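Enquirer: Which chain is which? The protein sequence lines are A and B, in order. If you count the first sequence from 1, position 181 lands on 181 in full-length UniProt numbering, and the numbers rise without skipping. If you count the second sequence from 1, position 264 lands on 264 in full-length UniProt numbering, and the numbers rise without skipping. Sharing a structure below in structure tokens format, with a few things to ask.
Protein chains: 2
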Amino acid sequence: MLLSNTNPNHCMTLKAAILVILVAFASHAYALWPLPKQLSTGSTTLKLSDDFDITFDGDSAPQDLLDAISRTKDFVHNDKLQRLVVGRGASDTDAVSSAQSLSSLVLSMDSGFSGQMRSLSEEAIDLLELRVEGYSLTVPSGGSQAELKANSTLGLFRGLTTFSQLWYDLDGTAYTVEAPIAIMDEPAYPYRGLMLDTARNYFPVADIKRTLDTMSWVKINTFHWHISDSQSFPLQIPGFPELAAAGPYSPSMVYTAEDVKDIVDYAAARGIDVLPEIDTPGHTMIISKAYPEHIACAEAKPWASFANEPPAGQLRLASSSTTNFTQTLFSAASSLFSGKYFSSGGDELNTNCYDQDPQTQDDLKKSGKTLEEALAGFTQATHGVLHEKGKTAVVWEEMVLEHNLNLSASNTIIMVWISSAHAASVAHAGYRFVHAPSDYFYLDCGAGEWIGADPEGNSWCDPFKTWQKSYTFDPLANLTEEEGGLVLGGQQLLWTEQSGSSNLDPIVWPRAASSAEVFWSGPGKDVAAALPRLHDLGFSQGNCHSDTAKLDGIRTWSSGCLQVMKSIRNSKR
Amino acid sequence: MLLSNTNPNHCMTLKAAILVILVAFASHAYALWPLPKQLSTGSTTLKLSDDFDITFDGDSAPQDLLDAISRTKDFVHNDKLQRLVVGRGASDTDAVSSAQSLSSLVLSMDSGFSGQMRSLSEEAIDLLELRVEGYSLTVPSGGSQAELKANSTLGLFRGLTTFSQLWYDLDGTAYTVEAPIAIMDEPAYPYRGLMLDTARNYFPVADIKRTLDTMSWVKINTFHWHISDSQSFPLQIPGFPELAAAGPYSPSMVYTAEDVKDIVDYAAARGIDVLPEIDTPGHTMIISKAYPEHIACAEAKPWASFANEPPAGQLRLASSSTTNFTQTLFSAASSLFSGKYFSSGGDELNTNCYDQDPQTQDDLKKSGKTLEEALAGFTQATHGVLHEKGKTAVVWEEMVLEHNLNLSASNTIIMVWISSAHAASVAHAGYRFVHAPSDYFYLDCGAGEWIGADPEGNSWCDPFKTWQKSYTFDPLANLTEEEGGLVLGGQQLLWTEQSGSSNLDPIVWPRAASSAEVFWSGPGKDVAAALPRLHDLGFSQGNCHSDTAKLDGIRTWSSGCLQVMKSIRNSKR
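Here it is in structure tokens:
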């Protein structure tokens, strides 16, 4: 029992308890998320000087790095995150007052670096295997300068983010109680993503940018943008004005080419690649509103015979006209994005839809192909367009686990989603893949059956996936060492049948930070040890009425707030 | 299939589909929530005139009613809710343009009314059995005036709310397509509540007021305010400065006497009574921070042996000093509230806490009482103070189902929470009660185990309670007709271990509107029929980027948004 209720000198006991808590806190930099690969901390208090500056030692730093430096300076000077201890750091007053001041953080390229620096935005969209995100960061205990070094602009940017997370506020002074700090860091996996479905509900550009801010804060580097689905097609694609007119929920619920560029540029300047997805050949009913000739079983009923959710509708993959249409669509859509990956979807294809579609049956008959052969032809043709444009195709797992399409292993990446147990099968097939399993990473589970008419209905992927559950994911489970090399990383995903702009932040954060740490820091860490850092992460984002809301994204707790946290600590079994 | 994909004349087919949807919509006033007891609607389009006014026919209307009239006028003139149809009402343009205009709504007392009008705020805190909330409302199809009549100021206020829900916006014009409208309305049950726990997390006054706005919008009439718990005591009570200092999470996370008055007055002016709860004798660890002498097993470990969640701590109910302390506390706390009900809590009392507490054992020995006898004495003494102040005591179900305390049936109200199956037992015991069962009405379920260390942990009241589940609640299940008379009503509840200011709105709304309709309109209604109205309710509150956010509370969908809704409609099995 930390706080004795029998000791008459209650204040003394309370003070002792606070000291115990302080000691417990002093061993790690709690606000860090994800944890660096190597971290050592001391116990000296150090503050940022009033004129603390961040500079780049070298010539011709890319403008987007300079912009990031500027944002970081602004952040550390103005952030109001207080320590997650009783009194929120008031007991640090004397130590901060007498602490030495850090006057600068100096960025430079590693001594081994040669060649021309590239911009952060360029490096953010490199091929995954070429992306360099490591850095080293040292913060001295005295007043000399802190140093951040990397072999890439992207690495410097990741280091800036880490540096931002080292400081607490006490009455306007940024300080740490853990100097000196030495960090050597690099990600365990190159792909750390977040998927957002903007088809079931539309999200304004501002929502997406706010989400990108928070993603960047936890070093997520891929925004998997599930743009379109059967319910809506909110993307304006040059050459497809009818789709732009009929596809969005309303004329204002649309992403213009300018919006896309805005999002892509904003993301890249924060170290994030955009992986766009135009889901095909299933999940395409909405295309029938503009081009009915290309869609089989559009809104057919009973929908459950034709699709996994209403409304049914799939591209007529056996039609050469529809194949051409999709090729043109992919060509134009993929041109809006600068990244090197593009998802053609491929999930939940319903064969009955085609069995019942006279035109498809006619097309198959004429060509002498089976449906599987037609699907293979359609996929190869549409992926061919992507490959010509220098893009690697990304598909959901069914495209290799349920169909035999002979997809190129070098030019195709698989998203494992139905079950974490399917990862091994994808690996056996020799494909590189991303872990996106519903049983660990789906953020939408557990809110009931969305179609609405069944009071006892549960969501298909019940229960709710807690951050703790996601945090325990093992990327290498059931894989051989060689197969482990096919793991690109992983991501959490928000399907938005039951979410919208109004609950985006609390349904995504802080849970999506869970996989961000798994795939940056590596798996196998203890949830109890992570909890204080996750709390600090959330506090840093303005929950519990701390004074800061710098990054608006992370706000809500899956485990309550400071004082509940304190209660747990004081009451550990 | 509404929209044929084989018809080459696609536009014609689409138009036909829209017409089908319009017809489906024309039979009910979709934006109404809760449904009035009697509702008849026509099919004439009627709009509000630009100078539409609301007047009171009579003299000396209470100021709070005049204020409500003023807010209603402002609302109907400025609300931007559009019809939940394809095109959001654009197809109504011609009909609206040529529609007759309604120039006024006239409020008056029923012809049978005699006596002096009382203020809305007074009537809102009448005893439940004396509260009069019925009204009649007629809106003609022509340009004559609409009329709202009631036997009480509170009834007029409820009618104003209903009137507010009748109108859609089309380019700045408020209109209905369902005139004439005739409504006779009164609630099925007098108690329709919402409970908010401000102890596990603190909520600023603005959050509470915003929640009160939305409660009023759906005719919820009781704010059950679970003020304190083991984690914090955020209420400043005159005479208890030490508790005010040690109880809140931080000095700013506190409700002052002025805050309480502000909340109570705001609620009453919106037809809402505040039922405060100071949870005792369990759930009181935090009191030990100010008065350790009154708390047994404060923060004792392992906490699971001493409480249902950490931190443990219970009032020393066998101590006469602690009993006096609690009496004084209740007396001072209850004086802050104008209502006639006060909850003393009474849930989850842990007997081991007292078994292991030397002082309690000593107190029991000296008095020769059993623990049960001491609990009876404590409860009668503390309730006695409430009764002296004219308050009816409210307690959680254990106080009558697990203990034999001889509580007055006339002066005690029971909250059934552990299971809906326990309602019958409470009724058998002869107590009036409120339905607050965790298996139907707990808003916090389904987000994992909040203490945080168990990745496979589920919330104790899994699964998530969907609005549909809550909507199917039967208040009279397993009750005799006579026992049915003991049902005061019901409420949904938010315990806040896993919620805070940042997710308050989406976790509460629209789900809490579910019980509001059950207990106003009566149970047994169909969820599929309710869904469009619930969508309209949510849309009216600014979800899905409609332009209005008049009442900020209701924002998030348990079933997605307009177009998903449309998809379901078009795809009904």
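Glycine included, each C-beta is placed from N, C-alpha and C at the ideal position. None of the values given here were measured: they were computed from a predicted structure.
1) I'd like to know if Ala453/B contacts chain A, where contact means its C-beta is closer than 7 Å to some C-beta of that chain.
2) Ala269/B and Asp94/B look like a contact to me (Cβ under 8 Å); what is the Cβ gap, rounded to whole Å?
3) Can you name the residues of chain B whose CB is closer than 7 Å to the CB of Ala516/A?
4) For chain B, check one thing: does any of its Cβ atoms lie closer than 7 Å to the Cβ of Glu178/A?
5) Taking DSSP's pairing of strands, which residues face Lys149/A in a bridge?
6) Any beta carbon of chain A sitting closer than 7 Å to that of Pro234/B?
7) Determine, using beta carbons only, whether Phe233/A and Ile286/A come nearer to each other than 7 Å.
8) Please state the DSSP three-state secondary structure of Trp303/A.
9) If you compare alpha carbons, which of Tyr440/B, Glu456/B and Ser459/B is closest to Glu456/A?
10) If contact means a Cβ-Cβ distance below 9 Å, which residues of the segment 443-468 of chain A contact chain B?
11) Taking CB distances under 7 Å as the criterion, tell me whether Val564/A reaches chain B.
12) I believe Gly239/A touches Ala332/A by the beta-carbon criterion, under 8 Å. Please report the beta-carbon distance rounded to the nearest angstrom.
13) Ordered along the chain, which non-local residues of its own chain (more than five positions away) have a Cβ less than 8 Å from that of Ala146/A?
14) Hey, quick one: how far does the beta strand (DSSP E) through Gln38/A stretch, first residue to last?
15) Helix, strand or coil: which one does DSSP assign to Arg200/A?
16) Quick one: is the Cβ of Trp396/A within less than 6 Å of any heavy atom of the ligand PLP?
17) Could you tell me whether the Cβ of Val139/A comes closer than 7 Å to any Cβ of chain B?
18) Could you list the residues in the segment 337-368 of chain B with a C-beta less than 7 Å from some C-beta on chain A, going in chain order?
19) Are the C-beta atoms of Val487/B and some chain A residue less than 7 Å apart?
20) Span of the alpha helix (DSSP H) holding residue 581/A?
21) Using 8 Å as the threshold, is the segment 47-66 of chain B in touch with the segment 181-199 of chain B, meaning 3 or more CB pairs across them?
22) With DSSP run on the structure shown, which of helix, strand or coil describes Thr214/A?
23) Output yes if chain B places a C-beta closer than 7 Å to the C-beta of Asn543/A; else output no.
24) Ala374/A and Leu329/A - do their beta-carbons sit closer together than 7 Å?
25) Are the C-beta atoms of Leu22/A and some chain B residue less than 7 Å apart?
26) Identify whether Trp467/A lies in helix, strand or coil by the three-state DSSP scheme.
27) Does the pairing of the segment 338-347 of chain B with the segment 278-297 of chain B give three or more beta-carbon distances under 8 Å?
28) Just to check my reading of the structure: Ala290/B and Ala257/B have Cβ atoms closer than 8 Å, yes? What is that Cβ distance to the nearest angstrom?
29) From this set, Gly159/A, Ile507/A and Asn406/A, which residue's C-alpha is nearest Thr379/A's C-alpha?
30) So, are the CB atoms of residue 574/B and Val385/A less than 7 Å apart?
31) Taking Val527/B as the query, report the chain A residues whose CB atoms sit under 9 Å from its CB, ordered along the chain.
32) Report the residue from Pro251/B, Ala31/B and Asp110/B whose alpha carbon sits nearest the alpha carbon of Ala90/A.
33) Against chain A, which members of the segment 490-524 of chain B pass a CB distance test of less than 9 Å?
34) Taking the alpha-carbon positions, what's the Asn411/B to Ala376/B distance?
35) Residues of chain A with a CB under 8 Å from the CB of Tyr471/B: which are they?
36) Measuring only the C-alpha atoms, how far is His435/A from Asp265/A?
Expert: Judging by the given coordinates:
1) yes
2) With a Cβ gap of about 41 Å, Ala269/B and Asp94/B do not count as contacting.
3) Within 7 Å Cβ-Cβ: nothing; Ala516/A doesn't reach chain B, min ~17 Å.
4) Not an interface residue.
5) Ser108/A and Ser136/A
6) Not one beta carbon of chain A lies nearer than 7 Å to the beta carbon of Pro234/B.
7) yes
8) helix
9) Nearest in C-alpha terms to Glu456/A, of all of Tyr440/B, Glu456/B and Ser459/B, is Tyr440/B.
10) Gly446, Ala447, Gly448, Glu449, Trp450, Ile451, Gly452, Ala453, Asp454, Pro455, Glu456, Gly457, Asn458, Ser459, Asp462, Pro463, Phe464, Lys465, Thr466, Trp467 and Gln468
11) In this predicted model, Val564/A has a pLDDT of only 45, less than 50, meaning its place in the structure is not dependable; the value taken from the coordinates is given anyway. Yes, Val564/A counts as interfacial toward chain B.
12) Rounded, the Cβ-Cβ distance is 5 Å, consistent with contact.
13) A distance below 8 Å between beta-carbons, with the five flanking residues on each side excluded, links Ala146/A to the following residues of its chain, in chain order: Leu102, Ser104, Leu105, Val106, Leu137, Thr138, Val139, Pro140 and Phe163.
14) Gln38 to Phe56
15) coil
16) No copy of the ligand PLP appears in this structure; indeed no ligand is present at all.
17) no
18) none
19) no
20) In the structure displayed, chain A extends from 1 to 573; residue 581/A sits before or after that span and is not available.
21) no
22) Correct three-state label for Thr214/A: helix.
23) Residue placement at Asn543/A cannot be trusted, given a pLDDT of 41 that sits under 50; what the coordinates show is reported in the next sentence. With 7 Å as the cut-off, Asn543/A counts as an interface residue toward chain B.
24) Taking 7 Å as the Cβ cut-off, Leu329/A and Ala374/A do not qualify as a contacting pair.
25) Low per-residue confidence applies at Leu22/A: pLDDT is 36, beneath 50, and the placement is therefore not dependable, though the value from the model is reported in the following sentence. Not one chain B Cβ lies under 7 Å of Leu22/A.
26) helix
27) Touching, per the Cβ criterion.
28) Not quite, the Cβ-Cβ distance comes to about 18 Å (not below 8 Å), so this is no contact.
29) Asn406/A
30) Nothing about residue 574/B can be reported from this structure: the residues present for chain B run from 1 to 573 only.
31) Gly452, Ala453, Asp454 and Pro455
32) Pro251/B
33) Thr496, Glu497, Gln498, Ser499, Gly500, Ser501, Ser502, Asn503, Asp505, Pro506 and Ile507
34) 15 Å
35) Pro455
36) Spanning the two alpha carbons is a distance of roughly 26 Å.
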